[in-house]
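Heads up: the sequence shown begins at 1 in full-length UniProt numbering, then just goes up one per residue.
For glycine and all other residues, C-beta sits at the position ideal for the given N, C-alpha and C.
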Amino acid sequence: MNDPLSGCIRRRTLLTFLDMIAPEEAETGAPARSPDAVSDIEIRVPEPADGVGMWRLAVESQVLDANSRYAYVLWCRDFAATSVVAVRGDRAVGYVTGYMRPEAPTTVVVWQVCVDASAQGEGLAGRMLDAVYDGAPGVDRMETTITPDNDSSIRLFTSFAKRHDVPIERSDLFGRELLGDGHEPEDLYRIGPTTKGETTS
Ligand SMILES: CC(C)(COP(=O)(O)OP(=O)(O)OC[C@H]1O[C@@H](n2cnc3c(N)ncnc32)[C@H](O)[C@@H]1OP(=O)(O)O)[C@@H](O)C(=O)NCCC(=O)NCCS
1 MNDPLSGCIR
11 RRTLLTFLDM
21 IAPEEAETGA
31 PARSPDAVSD
41 IEIRVPEPAD
51 GVGMWRLAVE
61 SQVLDANSRY
71 AYVLWCRDFA
81 ATSVVAVRGD
91 RAVGYVTGYM
101 RPEAPTTVVV
111 WQVCVDASAQ
121 GEGLAGRMLD
131 AVYDGAPGVD
141 RMETTITPDN
151 DSSIRLFTSF
161 AKRHDVPIER
171 SDLFGRELLG
181 DGHEPEDLYR
191 IGPTTKGETT
201 S
């Protein structure tokens, strides 16, 4: 392994999974989640120092385009009002980064959603999306981009649209040739217009 960062990612990922596997899960392979696996998690507006934990989560996900640590720290300074971090104690276990689209001032664009493996499948990503939407001023639409192979993300945003009883529309946005490096295409998903406070469930 010549790339020190790759090695670092593998060690961290191994530790994360060893930490989360309960004895019964190790035996059966089935997830063994506590009903209150996310009850001790706080969702709040991020500060620059939170960018470090968000960057770590992005790297560990092995799915997201992990940007530089500096990018996440800077994001937490300038786009905190449209972003959230989920923390358990002093450790970040999830985040959403978003921004108001300059050319569509009532549209919040969700850039990345990430939940640590130890907290997945318990509704945390959905709660974070709601928090970003509820906290963003004057918002009535949400947009995001998703690669066609990311079923969990498609489900997450479809579920958000259903909660708000509004349509979700997919269209082509950025193709492989534009993104390069073997990147999957990024499809655009547009949700809304929504009316704040009128969720159906
Ligand atoms: C995608 C991700 C954020 C979901 O986080 P989560 O907290 O587990 O999601 P939730 O528990 O809030 O579930 C939201 C919806 O997605 C569904 N879902 C979650 N994980 C899923 C999976 N692996 N496969 C299919 N559906 C899944 C849930 O069933 C739920 O749908 P429902 O409301 O219709 O029941 C998380 O898996 C993750 O961080 N993945 C790696 C990074 C990534 O792909 N981010 C998205 C692109 S930016």
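For residue i, the first and last residue of its enclosing beta strand (DSSP E)
i: Ile41; result: Unbroken run through Ile41: none, as it is neither H nor E.
i: Thr144; result: 141-146
i: Phe174; result: 168-174
i: Asp187; result: 186-191
Span separating the alpha-carbon of residue i from that of residue j
i: Gly94; j: Thr144; result: 17 Å
i: Val139; j: Arg176; result: 31 Å
i: Met128; j: Lys162; result: 16 Å
i: Thr106; j: Thr195; result: 12 Å
i: Val38; j: Glu169; result: 30 Å
i: Tyr189; j: Gly126; result: 16 Å
Residues bridged to residue i (per DSSP)
i: Val96; result: Val84, Val113
i: Asp65; result: DSSP, once it has assigned bridges, lists no residue as partnering Asp65.
i: Val108; result: Met100, Met142
i: Arg91; result: Arg88
Counted within 10 angstroms of its Cβ, other Cβ atoms place residue i as buried (16 or more) or exposed
i: Glu103; result: exposed
i: Glu186; result: buried
i: Asp65; result: exposed
i: Ala22; result: At Ala22 the pLDDT is 37, less than 50, meaning the model places this residue with poor confidence; the figure from the coordinates comes in the next sentence. Looking at its Cβ environment, which holds fewer than 16 other Cβ atoms inside 10 Å, Ala22 is exposed.
i: Gly180; result: exposed
i: Arg11; result: Low local confidence applies: a pLDDT of 23 at Arg11 is under 50, so the model's placement there is unreliable, with the coordinate-based value given in what follows. Counting Cβ neighbours within 10 Å, Arg11 comes out exposed, since fewer than 16 surround it.
i: Leu178; result: exposed
i: Arg56; result: buried
7 Å Cβ cutoff, residue i in contact with chain C
i: Asp116; result: Looking for chain C here will not work: only one protein chain is present.
Terminal residues of the alpha helix (DSSP H) in which residue i lies
i: Ser153; result: 151-163
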